[in-house]
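For reference, the structure is listed below as structure tokens.
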Amino acid sequence: MNSELNGDSITVKQEVTFKERLWVVVPIVLLIGLICTLVYSHHAEFTWDGFVSGFNQEFLVFFAIGVFAQLVDGTLGMGYGATSTSFLLAYGIPPVISSTGVHVAEMFTTGASAISHHHFGNINKKLVKHLVIPGVLGSITGAYLLSDVIDGDVIKPFIAVYMIVLACLIIRKSMQKNILKKKTKRLNILASFGGFMDAIGGGGWGPIVTSTLLGRGRNPRYTIGSVNAAEFAVSFASGITFMLFGGIHGWQVIIGLILGGVIAAPIAALLVNKIKRKPMMILVGILIIVLSLKTLSKLL
């Protein structure tokens with residue numbers, strides 16, 4: 027009898043261990059496959075001498091942008107696309123190269139972020155599962171439409187206003203002593219909308235999904251970790267779609283953002299455990315307002 031029970035417990039432990047490993051194995055396998063595909067498809071575009079000479083002052087700028095953007099995104103659950111794109115444009119990088127670089131780099135940085143948050147126990151797996159599939163479908167749809175049908179700048183003012191409203195709600199809730207957790211209904215619609223807007227506007231998954239969930243009183247640590255984990259699948263889907271339709275440009279920008287983001291990802295995941303709920307929510311709200319006002323000012 028005891029031997030049967032021990033055998034069942036060993037089987038359960040093996041199943042649990044296998045499922046746990048998938049959270050790390052899947053991102054690693056996808057990233058290795060992506061690297062192999064990029065090397066095979068674009069190996070003729072740069073030589074060893076060109077690669078070495080690329081590590082100059084400009085590369086350090088892109089590396090620093092990648093570090094800062096990932097620290098923002100990994101600790102606050104949003105802002106990588108908006109932060110890195112705004113810095114690249116301010117530095118004089120053309121919009122096409124900026125957009126391509128950010129989307130391709132996010133495929134790597136979000137993978138590193140997902141693994142890091144899993145390692146530090148910041149993930150609610152049930153929440154991730156609810157977000158992934160609708161988020162991926164929304165991102166693919168948005169990337170396809172942006173490539174062939176609509177102009178993403180047209181709808182940016184509307185999403186910027188929406189995010190400012192959410193930011194004010196989050197800051198107000200952070201001032202309350204007891205935030206009542208409310209059940210978030212229709213997570214699939216929220217994730218689809220977030221993935222769609224992220225692909226259309228060059229950012230928005232974090233501000234839309236994280237802001238809404240925090241505004242409903244969810245724990246910041248698990249919300250940010252889970253949304254970041256789901257973002258890997260969303261970014262991977264939109265990145266592949268953009269690569270299929272638009273190709274890849276600006277390798278120096280891409281490599282700088284990737285290296286900076288991958289290095290900063292575990293640091294950001296660790297900081298989530300150290301930052302208290304109230305200042306984290308205030309920082310999230312302020313970040314959304316600043317980025318949204320910046321978007322509106324550019325359009326006006």
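Under the working numbering, residues 27 to 326 are what the sequence shown spells out, in order.
All C-beta atoms, glycine included, are put in the ideal place defined by N, C-alpha and C.
These figures come from a predicted structure and were not determined experimentally.
Residue i, DSSP secondary structure in three states
{"i": "Asn214", "result": "helix"}
{"i": "Thr245", "result": "Strictly speaking, residue 245 in this sequence is Asn, with Thr absent from that position. In the structure shown, Asn245 sits in coil (DSSP, three-state: anything other than H, G, I, E or B)."}
{"i": "Phe85", "result": "helix"}
{"i": "Asn148", "result": "coil"}
{"i": "Pro160", "result": "helix"}
{"i": "Ile293", "result": "helix"}
{"i": "Lys302", "result": "coil"}
{"i": "Ile274", "result": "coil"}
{"i": "Val175", "result": "coil"}
Residue i vs residue j beta-carbon contact at 9 angstroms
{"i": "Gly107", "j": "Gly220", "result": "no"}
{"i": "Gly360", "j": "Asn254", "result": "One cannot answer for residue 360 here, as it falls past the ends of the chain, which runs 27 to 326."}
{"i": "Asn150", "j": "Gly232", "result": "no"}
{"i": "Ala140", "j": "Phe258", "result": "yes"}
{"i": "Gly282", "j": "Phe134", "result": "no"}
{"i": "Leu172", "j": "Ile123", "result": "no"}
{"i": "Leu213", "j": "Leu153", "result": "yes"}
{"i": "Ile54", "j": "Val279", "result": "no"}
{"i": "Phe222", "j": "Gly137", "result": "no"}
{"i": "Leu317", "j": "Ser112", "result": "yes"}
{"i": "Ile190", "j": "Met307", "result": "no"}
{"i": "Leu285", "j": "Gly92", "result": "yes"}
{"i": "Ala186", "j": "Thr321", "result": "yes"}
{"i": "His129", "j": "Gly265", "result": "yes"}
{"i": "Gly127", "j": "Leu313", "result": "no"}
Rounded Cβ spacing between residue i and residue j (contact assumed at less than 8 angstroms)
{"i": "Gly164", "j": "Ala95", "result": "Incorrect: roughly 22 angstroms between the Cβ atoms, too far for contact."}
{"i": "Gly311", "j": "Asp224", "result": "Rounded, the Cβ-Cβ distance is 20 angstroms, inconsistent with contact."}
{"i": "Ala90", "j": "Gly161", "result": "Their Cβ separation, rounded to whole angstroms, is 29 angstroms, which puts Ala90 and Gly161 out of contact at 8 angstroms."}
{"i": "Ile166", "j": "Thr267", "result": "5 angstroms"}
Between the region 279-296 and the region 85-105, do three or more beta carbon pairs fall short of 8 angstroms?
By the Cβ test, the region 279-296 is in contact with the region 85-105, since at least three Cβ pairs between them sit closer than 8 angstroms.
So does the region 236-247 actually touch the region 264-274, counting three or more Cβ pairs closer than 8 angstroms?
no
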